[in-house]
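Protein chains in written order, with my numbering: chain A, 1 to 110; chain B, 1001 to 1119.
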């Protein structure tokens, strides 16, 4: 079992739909990252969370430390949101290494 | 701010040759750089962590003699794949972390990646 699990693995949505991607982890963490990887491969860091909720434009990320769960929401989805969304956690120890989920492939159709 | 570049973006080489990939932090000093590889439809796998001026720390199962990492300055780290074989074909991504107070010190800033194909 992976230490970081994402669901769903694949998601197809119609433009305008509200999208939720989930991430569960089994290790103690100091922070959780949501990353976006476009087809060309480049990765963009969307959020870093250690508690609560963050919002940036149409993106919202939440984390529940007790339940070891985080969600990434996209409101009013658009085809340009099509990408792989990756959850990554940083261990709670002195290390700054990240453990990555396998990603969620999102396709938003016009 | 916080731009990380990689060069080359794509490289094709013959089996047995060595390939060097550069990772640069363009507008900040990277005290720590990470090297990842990613196989198709799989997640990123950490290969090694490098701190400027010291030897890289390799993850278990990663051959340090095959994947040579040098972090000679605060803006440049290089990964050299020595005696490349077809199974080394992969997408290699670097990321950089900083202690600069003007940026998030907890965030890894990712490069665009280098696609290596070994024939």
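For each residue, glycine too, the CB sits at the ideal point set by N, CA and C.
| field | Contact under 9 Å by Cβ, residue 68/A with residue 24/A | value | Here residue 68/A refers to the residue found at position 68 when the first chain is read from its first residue. Here residue 24/A refers to the residue found at position 24 when the first chain is read from its first residue. A contact, by the Cβ cut-off of 9 Å.
| said: So residue 103/A contacts chain B; which residues on that side make the cut at Cβ distance below 8 Å? | reply: Reading the first chain from its first residue, position 103 is the one you call residue 103/A. Chain B residues near residue 103/A: 1043.
| field | Expected contact under 8 Å - CB spacing of residue 85/A and residue 98/A to nearest Å | value | As a first step, residue 85/A is located in the first chain; it is residue number 85 there, counting from the start. As a first step, residue 98/A is located in the first chain; it is residue number 98 there, counting from the start. Rounded to the nearest angstrom, the Cβ distance from residue 85/A to residue 98/A is 15 Å, too far for a contact under 8 Å.
| message | Going by DSSP in three states, residue 1022/B sits in which element: helix, strand or coil? | response | Within the second chain, numbered from 1, the residue matching residue 1022/B stands at position 22. Looking at residue 1022/B - three-state DSSP - the assignment turns out to be strand.
| Can you list, in chain order, the residues of its chain whose CB lies under 8 Å from that of residue 1089/B, leaving out five sequence neighbours each side? | For the purposes of this step, residue 1089/B is identified with residue 89 of the second chain, where counting begins at 1. Excluding sequence neighbours, residue 1089/B sits near 1116, 1117 and 1118.
| query | Listed from N- to C-terminal order along the chain, which residues in the segment 1033-1065 of chain B have their beta-carbon within a distance smaller than 9 Å of any beta-carbon of chain A? | reply | 1034, 1036, 1038, 1041, 1042, 1043, 1044, 1045, 1046, 1049 and 1059
| request: My understanding is that residue 1125/B touches residue 96/A, with C-beta atoms under 8 Å, so please give their C-beta distance in whole angstroms. | output: This structure leaves residue 1125/B out entirely; chain B is present only between 1001 and 1119.
| message | Using CA atoms only, rank isn't needed, just tell me which of 49/A, 83/A, 62/A and 77/A is closest to residue 89/A. | response | Within the first chain, numbered from 1, the residue matching residue 89/A stands at position 89. Closest option to residue 89/A, Cα to Cα, is 49/A.
| residue 1087/B, DSSP secondary structure in three states | Along the second chain, one-based indexing puts residue 1087/B at 87. Three-state DSSP puts residue 1087/B in a helix.
| How many angstroms separate the CA atom of residue 1007/B from the CA atom of residue 1082/B? | Position 7 of the second chain, counting from 1, holds the residue named residue 1007/B. Position 82 of the second chain, counting from 1, holds the residue named residue 1082/B. If I take the Cα positions, the gap works out to 17 Å.
| For residue 1010/B, the three-state DSSP class (helix, strand or coil) | In the second chain, counting from the first residue as 1, residue 1010/B sits at position 10. Residue 1010/B falls in the strand class under three-state DSSP.
| message | Counting C-beta neighbours from all protein chains within 10 Å, is the total for residue 1071/B 16 or more, i.e. buried, or is it exposed? | response | Position 71 of the second chain, counted from the first residue, corresponds to residue 1071/B. Buried is the call here.
| Is residue 90/A helix, strand or coil when you go by DSSP? | For the purposes of this step, residue 90/A is taken as residue 90 along the first chain, with counting starting at 1. Correct three-state label for residue 90/A: strand.
| said: Whole angstroms are fine: how far does the CA of residue 1112/B sit from the CA of residue 5/A? | reply: By 1-based counting over the first chain, the position of residue 5/A is 5. By 1-based counting over the second chain, the position of residue 1112/B is 112. In a straight line, the C-alpha of residue 5/A is about 24 Å away from that of residue 1112/B.
| query | Is it the case that the Cβ atoms of residue 1037/B and residue 1093/B are separated by a distance below 9 Å? | reply | As a first step, residue 1037/B is located in the second chain; it is residue number 37 there, counting from the start. As a first step, residue 1093/B is located in the second chain; it is residue number 93 there, counting from the start. For residue 1037/B and residue 1093/B, yes; Cβs fall inside 9 Å.
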